[in-house]
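Engineer: For reference, the structure I am asking about is given below.
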Amino acid sequence: MTPNQNMVLPRTGVGIDVHAFAAEDDPQPLWLGGLFWEGERGLSGHSDGDCVAHAAADALFSACGIGDLGTHFGTDRHEFAGASGVKLLGEAARIVRAAGFEIGNVAVQFVANRPKFGPRREESQRVLSDAAGAPISVTATTSDGLGFTGRGEGISAVATALVYPVSGHETTATESGPAKGAPHG
3 MTPNQNMVLP RTGVGIDVHA FAAEDDPQPL WLGGLFWEGE RGLSGHSDGD CVAHAAADAL
63 FSACGIGDLG THFGTDRHEF AGASGVKLLG EAARIVRAAG FEIGNVAVQF VANRPKFGPR
123 REESQRVLSD AAGAPISVTA TTSDGLGFTG RGEGISAVAT ALVYPVSGHE TTATESGPAK
183 GAPHG
């Protein structure tokens, strides 16, 4: 049995992002899940360090086979220094659509001891979904005191994305966006 040539098959991708908390002598604001967390220690990075938004963007690129976060927003791309994760996610969604895909959804889970995410989950999901123009769900967990997240040294996030090719647009796994760059941040 051969697949129907007219069948649109979805594609999935995985993204991960990790950021250490900023040094005590170089305080940064905490941006996570598209939200500012007042009174919380921020993350270090080339941009705002929002590992939830970054993992979501990376998963979108992975699903389309068009590089990764470093490819599109790497540390050699000075115009993205200090950029908000929401801005990067919105730009990632634009790049994905320009490559001939539509976004089905993105699911992100981050691992951290803090901040307490549950009370702001809906707000975060709304901000991220608006940026991507597609549903984004966010969950949080701890690592029960294990590893760098358990020791309170940083935050990690893993995302999965579902995209599907738009009929009539030719795409390949080798299409790429802006110039390739160094690792992101």
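Oh and the sequence shown: position 140 is 142 in this note's numbering, straight run, nothing missing.
From the three backbone atoms N, C-alpha and C, an ideal C-beta is built for every residue, glycine too.
From a predicted model like this one, the values you see are computed outputs, not experimental measurements.
In the DSSP assignment, what residue or residues form a beta bridge with Ser-139?
Structural biologist: Ala-109.
Engineer: Taking the straight line between their C-alpha atoms, what separation do you get for Lys-89 and Val-108?
Structural biologist: The alpha-carbon atoms of Lys-89 and Val-108 are separated by roughly 16 Å.
Engineer: Count the other C-beta atoms from every protein chain shown that fall within 10 angstroms of the C-beta of Ser-126, then say buried if there are 16 or more, exposed otherwise.
Structural biologist: Burial call: buried.
Engineer: Which two residues bound the contiguous alpha helix (DSSP H) that contains Ile-97?
Structural biologist: Where Ile-97 is concerned, the enclosing alpha helix (DSSP H) stretches over 87-100.
Engineer: Helix, strand or coil for Gly-15, going by three-state DSSP, please let me know.
Structural biologist: Reduced to three states, the DSSP call for Gly-15 is strand.
Engineer: Go ahead and pull the three-state DSSP assignment for Gly-41.
Structural biologist: In this structure, Gly-41 counts as strand in the three-state DSSP scheme.
Engineer: From Pro-137 to Phe-75, what does the alpha carbon distance come to, in whole angstroms?
Structural biologist: The straight-line gap from Cα to Cα measures roughly 22 Å.
Engineer: Can you tell me which residues form a DSSP beta bridge with Pro-31?
Structural biologist: According to DSSP, which records beta bridges pairwise, Pro-31 is partnered with Arg-43.
Engineer: Is Ala-22 helix, strand or coil by DSSP?
Structural biologist: Correct three-state label for Ala-22: strand.
Engineer: So which of Arg-153, Asp-27, Ala-85, Pro-12 has the shortest CA-CA distance to Asp-52?
Structural biologist: Nearest of Arg-153, Asp-27, Ala-85, Pro-12 to Asp-52, Cα basis: Ala-85.
Engineer: Does DSSP put Thr-144 in a helix, in a strand, or in coil?
Structural biologist: Reduced to three states, the DSSP call for Thr-144 is coil.
Engineer: Anyone know if the C-beta pair for Gly-41 and Gly-87 falls short of 8 Å?
Structural biologist: Not a contact, by the Cβ cut-off of 8 Å.
Engineer: Which residues in the same chain have their Cβ closer than 7 Å to the Cβ of Glu-155, if we skip the five residues on either side of it in sequence?
Structural biologist: The answer, listed in chain order, is Ala-22, Phe-23.
Engineer: Would you call the stretch 113-122 and the stretch 145-160 in contact, with 3 or more CB pairs under 8 Å?
Structural biologist: Short answer: they touch.
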